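Numbering (the working numbering), first residue to last: 2 to 389.
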């Protein structure tokens, strides 16, 4: 995180996907690691729909059909990553194709922004206040003052900010909790905590230390560390540090990876300055466990043009597919939280320009195919050849 970004984080104490995470979601230069994107608006399962059969085998509660809206880009950019090789496309996603998952949950997003303004939605003021209090207690901090953040028309509270005796806490209606230590928290000397020159081994050691130190705040039963990074156009590598709760069940582990995770950020001196803790399913309503298509079936759909993307170019061909994974998209524009196959594709050219930089960096764009079987999708807005 650069100094000016740290000033923004300390000054406003707001989340940035993520999401991205994601994760939420990510754009060309800062895909999947932007602080804002990483604070994308996500939601928790509020119960399942069971498949019960009556006499004759008719399901008592059929799964409702899903409408998949267009995937819209933001800020005039597209979702892409820069790497020297496709082998570097590693982000710790627990999904694996050989697990042969048959179903995954789909949720109604309680943080969906009906107004289209991009403002946080979901939790009310009382719920956010409880989260602030619990975080302060977990960190051993005393809240001295609490301030409200209201919507553009001052009609509702969309966030709370608390000043404490050891830092600032913020919580957004989407369930994102931020902890900022303006002076930074020094780590023991044996840990090397930076964005640019920390090795994978050093990063793993740092994350294990932070996960243990802040266990009361995280509340994870089985913390799993994830560290990855990406390159800027000038070839500078920037690392991200995450921890999520790894569950024995793969479906739950996938949900935790995309919706319930913590991100830690260093300052220029290697001190801990910020923690972002996401509870992306805190206001979601589970619609059910939906049958999935296979990765091979999704690839066929991709090649047939049945996909969504923010890349302003059509998918260049099967030989350019670099990676396949199952993901959940999230944020205030996603009315339904459902699994997608995301294909990272090495882009060849755009507007007549080669997408491989002079320094050898290649551009990988994201293309999405819904992972839910066709009979459960009512409508799907496919890519129409324009930059959304």
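For every residue, glycine included, the Cβ atom is placed at its ideal position computed from N, Cα and C.
Quantities reported herein were computed from a predicted structural model and do not represent experimental measurements.
Query	Result
With a threshold of 16 other CB atoms inside 10 Å of the CB of residue 80, please say whether the residue is buried or exposed.	buried
Here's the rule: buried if 16 or more other CB atoms are within 10 angstroms of the residue's CB, otherwise exposed. What is residue 359?	exposed
Taking the CB atoms as reference points, tell me whether residue 105 and residue 291 lie closer together than 9 Å.	yes
Can you find the residues in the same chain that come closer than 8 Å, C-beta to C-beta, to residue 69, ignoring five residues on each side of it along the sequence?	309, 337, 339, 371, 378, 380, 381 and 382
I need the boundaries of the beta strand (DSSP E) containing residue 278, first residue and last residue.	273–278
Which stretch, first to last residue, makes up the beta strand (DSSP E) that contains residue 106?	104–109
What do you reckon, are the CB atoms on residue 120 and residue 152 nearer than 9 Å?	yes
Can you check whether the CB of residue 194 is closer than 9 Å to the CB of residue 207?	yes
Quick check: the segment 280–299 against the segment 108–115, are there 3 or more CB pairs under 8 Å?	yes
Classify residue 149 as helix, strand or coil using the three-state DSSP reduction.	strand
DSSP three-state call for residue 73: helix, strand or coil?	coil
For the beta strand (DSSP E) containing residue 378, list its first residue and its last residue.	378–381
Along the chain, where does the beta strand (DSSP E) that runs through residue 186 open and close?	178–186
May I ask you to list the residues that DSSP assigns as paired with residue 144?	165
Compare the Cα-Cα distances from residue 256 to each of 161, 127 and 246 and report the closest residue.	246
Tell me the DSSP secondary structure of residue 316 in three-state form.	coil
Could you compute how far the alpha carbon of residue 54 sits from the alpha carbon of residue 67?	Confidence at residue 54 is low in this model, with a pLDDT of 34, below 50, so the placement of that residue should be treated as unreliable; the coordinate-derived value is given next. Straight-line Cα distance between these residues: approximately 22 Å.
Just curious, the beta strand (DSSP E) that residue 394 is in, first and last residue?	In the structure as shown, the chain starts at 2 and stops at 389, and residue 394 therefore has no counterpart that could be examined.
Taking residue 1 as the reference, which of 269, 101 and 217 has the closest Cα?	The structure shown does not extend to residue 1, since the chain is modelled only from 2 through 389, so no value can be given for it.
Among 211, 243 and 73, which one has its Cα closest to the Cα of residue 367?	73
Note the first and the last residue of the continuous alpha helix (DSSP H) segment covering residue 98.	Premise fails: residue 98 is in no alpha helix (DSSP H) and is neither H nor E.
Can the beta-carbon of residue 270 be found closer than 9 Å to that of residue 141?	no
Please report the straight-line C-alpha distance between residue 225 and residue 149, rounded to a whole angstrom.	34 Å
Applying the 10 Å Cβ sphere with the 16-neighbour rule, what's the burial state of residue 320?	exposed
Could you tell me the distance, in whole angstroms, from the CA atom of residue 71 to the CA atom of residue 115?	15 Å
If I measure Cβ to Cβ from residue 203 and keep anything under 6 Å in the same chain, skipping five residues before and after, which residues do I get?	193
Could you tell me which uninterrupted beta strand (DSSP E) segments, each at least 3 residues in length, are contained entirely in the segment 185–254, listed from first to last along the chain?	224–232 and 238–246
For residue 26, count neighbouring Cβ atoms within 10 angstroms of its own Cβ and tell me buried if that reaches 16, exposed if not.	In this predicted model, residue 26 has a pLDDT of only 32, less than 50, meaning its place in the structure is not dependable; the value taken from the coordinates is given anyway. With 16 or more Cβ atoms within 10 Å of its Cβ, residue 26 is classed as buried.
Exposed or buried, residue 197, counting other C-beta atoms within 10 Å across all chains shown (16 or more means buried)?	exposed
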